[in-house]
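Undergrad: Would you mind keeping the following structure in view while I ask a few things?
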Amino acid sequence: MLDFLNTFISGISLGSIYAIIALGYTMVYGIAKMLNFAHGDVIMVGGYLVYTGMISWGFNPLLAILFAMVGCTILGILTERIAYKPLRGATSNLAVLITAIGMSYFLQNISLQIFTANPKSFTSVVKWEGISLADGQLKIQGVTIITILTGAVILLALQLFINKTKAGQAMLAVSEDKGAATLMGIDVNKTISLTFAIGSGLAAIAGALLCSAYPVLTPYTGAMPGIKAFVAAVLGGIGSIPGAMIGGLLLGVAESLSKRFISTQLADAIVFTILIIVLLVRPTGLMGRKLQEKV
Amino acid sequence: MSMLEVKDLEVNYGMIKAIKGVSFHVEAGEIVALIGANGAGKTTILHTISGLIPAAAGSIVFEGNDVRRIPGYKLTGLGMAHVPEGRRVFAEMTVLQNLRLGAYTRKDSAETEETLEMIYQHFPRLKERRSQLAGTLSGGEQQMLAMGRALMSKPTMILMDEPSMGLSPLLVKEVFSIIEFCHSQGITILLVEQNARMALNIADRAYVLEVGKISMEGKANELLESEAIKKAYLGG
Ligand SMILES: Nc1ncnc2c1ncn2[C@@H]1O[C@H](COP(=O)(O)OP(=O)(O)OP(=O)(O)O)[C@@H](O)[C@H]1O
Ligand SMILES: [Mg+2]
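Protein sequence lines, in the order shown, are assigned to chains F and U.
Per this note's numbering, the first sequence starts with residue 49, numbered consecutively.
Per this note's numbering, the second sequence starts with residue 17, numbered consecutively.
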C-alpha cells in the first residue's frame, strides 16, 4: 500500500512537470493554431540556463530560475517572430510544422555546440529534504512536493489571468476567431507573442523542476518529456488549459505506476495505449471542445 | 470632408478580381445602404474597409486616416465598429465577456460601465443572459449581441453586414429599429443588406453593387421608385 502511495505521489510530481509543459503546447495550439514541436527543447534550454546560472555564476536557485525564465521567454518570442510568423497565413500548415521540427533540431544543435554532448549533472533547485511520514516508511522528497505545488499555483494563476485580465480575454478571443478579435481592436500578433512568451517562461520552470528530479542534462533532455507533454495535451483536449493539467497528471501517474508495477520497458507503450483508447472514445480529448459546426 | 471616402478600390482573392474599381463616400450622420446580389462583393468591401483583407489598389480614408496604411486592429480605437456577416460572436465566451471585448480599446471604465448599462436597457435579453455562453444564444440573440458588442466600443461609425440575415420578420423589424436607435445616437452607418426594401426605407442614400462594380447610386427614396431596382431587388 505504501509502495503504491509512494509511486502514486511521484507520478503526480512527474505529471505536474508534464502538465506545465503541456500548458505551453496547448496555449500555443489554441491561439496560434500550430504545434510547436520545439517546445520540448525550450525546456532543455531552460535547464542549461538554470545550470549555468547556478553552477557557473553562483546564482541562488530562485535567481537562476528567474534568469532561465527571462532567457526562455525571449527565446520563445524570437522563434515565433523569426521562424513562425512569416509563415502565418501560409497555404500549408505543413510548412509551419516542418519549421517547428527544424527549430527543435536547431536548438539541440546549438546546445551541442555550446554545452557538448557530455551530460551535466544538475544540482536540484530544491534544497529541502522533504517530509517523512508513517515512521519513515513514506518519504516524500522536497522536490516532489515543490513540483506539485508549483503545478497547482501555475494552473490557478493561468486561470485567473485568462478569465480576469484584458490580455487573457484577448487570448480567448484570438483563439476563437482572429478576424473578429481584430474587429474588437485586439492586436493578434501581439497576443500570439504573449502566448509564446508565457509558454516558454513556463517551459523554463518545467526545465528546472525536471532536471532537479532527474539530474542528468544533455541537449536531448527535452525531447522525450516534450513528446509526452504533447500526448498529455492531446489526451486532455488540445487547446484546453484544465485539459493539459489533467492530461499531464494522468500521464505522469500512469507512467509511474506502469514502471513500478508492470514493466519499465513497457511503460511508454502503455502510456500511448491509453492515449489511443481515450481518443477512440473521445476524439477531442478529455476536456476538448466539441467540434462545432459553423453556420 | 467625408467621414469615409473609398476611391477606385480594387480587391483580389488570388487571381480572382472581386472588387473592380469601386468609389463611394459616407458623410457623418448618414445611413448609407450598399445593396447587391449574392457574391457581388459587399462583404469584401466591408472587410477591406476594416483592414481584415488588403486592397490591391485605390484608397480608403476614414476620418482623415489612410486605412491602407494602418493595421486593422487600430481602426476600432479610431471609432470604427463592424458587425460582421454571420455575427461572429465568441461562442465559447459569455455574453458579458463578449460585450467587454467590444470595449477592449476603451480606457475610461466608468464610461464603459455606462455604455454597458445603456445596452442592457435596450437589449434586456442580453442582460438576462449575460452569464450564458454566446454560442448557446439563438440567432436573433446573437445578432443583438453582435450589435451590442459593436456599440460597446463607442463608435462614430458602424459597418453592418446583413444584420437581418436568417431572422424571422419580427426580428428583422427589431434589428432595423436597433439600427435606427444607433443612428439616433449620432452614429454613422454603412449598411449592407439583402433586404433591399427595408434598407432603402431607413437609408439616406444607397449604392447598388453588381459583380464588383457600382451600377447605380442615389437617394434611397428615389432608388425605391426606380423601375430597374424594383425589378432586380424589390421583387417586381
Ligand atoms: N476568401 C475568398 N477567397 C476567394 N474568393 C472569395 C473569398 N471571399 C469571397 N470571394 C469571392 O468574392 C466575391 C465577392 O464575395 P463577397 O462575400 O464579398 O460577396 P457578398 O456580396 O458579400 O455576397 P453575400 O450577399 O452572399 O454575402 C464572390 O465571388 C466570392 O466567391
Ligand atoms: Mg456578404
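For every residue, glycine included, the Cβ atom is placed at its ideal position computed from N, Cα and C.
Tell me where the beta strand (DSSP E) around residue 121/F begins and ends.
TA: Looking at the DSSP string, residue 121/F is not in any beta strand (DSSP E); the run it does join, the alpha helix (DSSP H), is 109-127.
Undergrad: Please report whether the beta-carbon of residue 233/F lies at a distance below 8 Å from any beta-carbon of chain U.
TA: It does; some Cβ of chain U falls within 8 Å.
Undergrad: In chain order, what residues of the stretch 176-201 of chain U put their CB closer than 9 Å to some CB of chain F?
TA: Those residues of the stretch 176-201 of chain U that come within reach of chain F (Cβ to Cβ, closer than 9 Å) are 182.
Undergrad: Please give me, in chain order, every unbroken run of the alpha helix (DSSP H) with length at least 4 that falls completely inside the stretch 111-145 of chain U.
TA: Counting only runs of 4 or more, we get 111-118, 125-138 and 140-144.
Undergrad: Hey, which unbroken runs of the alpha helix (DSSP H) at 4 residues or more fall wholly within the stretch 37-92 of chain U?
TA: Counting whole runs of 4 or more residues, the stretch 37-92 of chain U contains the alpha helix (DSSP H) stretches 58-65.
Undergrad: Assuming residue 193/U is part of the alpha helix (DSSP H), what are its boundary residues?
TA: Taken as a continuous stretch (DSSP letters only), the alpha helix (DSSP H) holding residue 193/U covers 185-200.
Undergrad: Identify each residue in the stretch 300-328 of chain F for which the Cβ-Cβ distance to at least one residue of chain U is less than 8 Å, and report them in chain order.
TA: Cβ contacts with chain U: none found.
Undergrad: Do residue 70/F and residue 284/F have their C-beta atoms closer together than 8 Å?
TA: In this structure, residue 284/F lies closer than 8 Å to residue 70/F by Cβ.
Undergrad: Taking Cβ positions, are residue 223/U and residue 62/U nearer each other than 8 Å?
TA: Not closer than 8 Å, so no.
Undergrad: Whole angstroms are fine: how far does the CA of residue 127/U sit from the CA of residue 145/F?
TA: Spanning the two alpha carbons is a distance of roughly 45 Å.
Undergrad: So, is the C-beta of residue 249/U closer than 8 Å to a C-beta in chain F?
TA: Cβ-Cβ to chain F under 8 Å: no for residue 249/U.
Undergrad: Is the beta carbon of residue 163/U sitting closer than 8 Å to the one on residue 20/U?
TA: Taking 8 Å as the Cβ cut-off, residue 163/U and residue 20/U do not qualify as a contacting pair.
Undergrad: Buried or exposed: which applies to residue 35/U, given that a residue is buried once 16 or more other Cβ atoms fall within 10 Å of its Cβ?
TA: Residue 35/U comes out buried.
Undergrad: Starting from residue 228/U and walking both ways along the beta strand (DSSP E), at which residues does that stretch end?
TA: That residue, residue 228/U, is in no beta strand (DSSP E); it is neither H nor E in DSSP.
Undergrad: For residue 337/F, name the three-state secondary structure that DSSP assigns.
TA: Reduced to three states, the DSSP call for residue 337/F is coil.
Undergrad: Along the alpha helix (DSSP H) that carries residue 177/U, what are the first and last residues, could you check?
TA: Element bounds for residue 177/U: not the alpha helix (DSSP H) but the beta strand (DSSP E), 173-177.
Undergrad: Quick one: is residue 193/U buried, meaning 16 or more other Cβ sit within 10 Å of its Cβ, or exposed?
TA: Answer is exposed; the Cβ neighbour count stays below 16.
Undergrad: Report the three-state DSSP secondary structure of residue 310/F (helix, strand or coil).
TA: DSSP places residue 310/F in coil when its eight states are reduced to three.
Undergrad: Using the beta-carbon count (16 or more within 10 Å), is residue 141/F buried or exposed?
TA: Residue 141/F is exposed by the Cβ-count criterion.
Undergrad: Taking the beta carbon of residue 85/F as the centre, do at least 16 other beta carbons fall within 10 Å, making it buried, or is it exposed?
TA: Answer is buried; the Cβ neighbour count reaches 16.
Undergrad: Check each candidate in 185/U, 58/U, 78/U and 226/U and name the one with the smallest Cα separation from residue 17/U.
TA: It is 78/U.
Undergrad: By the criterion of Cβ-Cβ separation under 7 Å, what are the contact partners of residue 29/U in chain F?
TA: Here the premise fails: no neighbours, minimum Cβ distance about 13 Å.
Undergrad: Quick check: what's the CA-CA separation for residue 88/U versus residue 228/F?
TA: About 11 Å.
Undergrad: Give me whichever residues DSSP pairs with residue 187/F in a beta bridge.
TA: The partner list for residue 187/F (beta bridge, DSSP) reads 180/F.
Undergrad: When the Cβ atoms of the stretch 209-224 of chain F are set against those of the stretch 103-114 of chain U, are three or more pairs found closer than 8 Å?
TA: The answer is yes - the stretch 103-114 of chain U touches the stretch 209-224 of chain F, with three or more Cβ pairs under 8 Å.
Undergrad: Do the CB positions of residue 61/F and residue 269/F come within less than 8 Å of each other?
TA: It is not a contact, given that the beta carbons lie outside the stated cut-off.
Undergrad: Measure from the C-beta of residue 127/F to each C-beta in chain U and report whether the shortest distance is under 8 Å.
TA: Chain U, which has no Cβ nearer than 8 Å to the Cβ of residue 127/F, makes this no.
Undergrad: Just to confirm, are residue 173/F and residue 277/F a CB contact at a threshold of 8 Å?
TA: No, the Cβ-Cβ distance between residue 173/F and residue 277/F is not below 8 Å.
Undergrad: Check residue 221/U in the structure and name its three-state DSSP category.
TA: DSSP places residue 221/U in strand when its eight states are reduced to three.
Undergrad: Do residue 189/F and residue 178/F have their C-beta atoms closer together than 8 Å?
TA: In this structure, residue 178/F lies closer than 8 Å to residue 189/F by Cβ.
Undergrad: Determine the burial state of residue 58/F: buried for a count of at least 16 other Cβ atoms within 10 Å of its Cβ, exposed for fewer.
TA: Buried.
Undergrad: Taking the CB atoms as reference points, tell me whether residue 202/U and residue 45/U lie closer together than 8 Å.
TA: Yes, they are a contact pair.
Undergrad: Tell me whether residue 22/U sits in a helix, a strand or coil according to DSSP, three-state version.
TA: Residue 22/U falls in the strand class under three-state DSSP.
Undergrad: Which residues, in chain order, does the stretch 108-123 of chain U contribute to contact with chain F at a C-beta distance below 8 Å?
TA: Listed in sequence order: 108, 109, 113, 116, 117, 118, 120 and 121.
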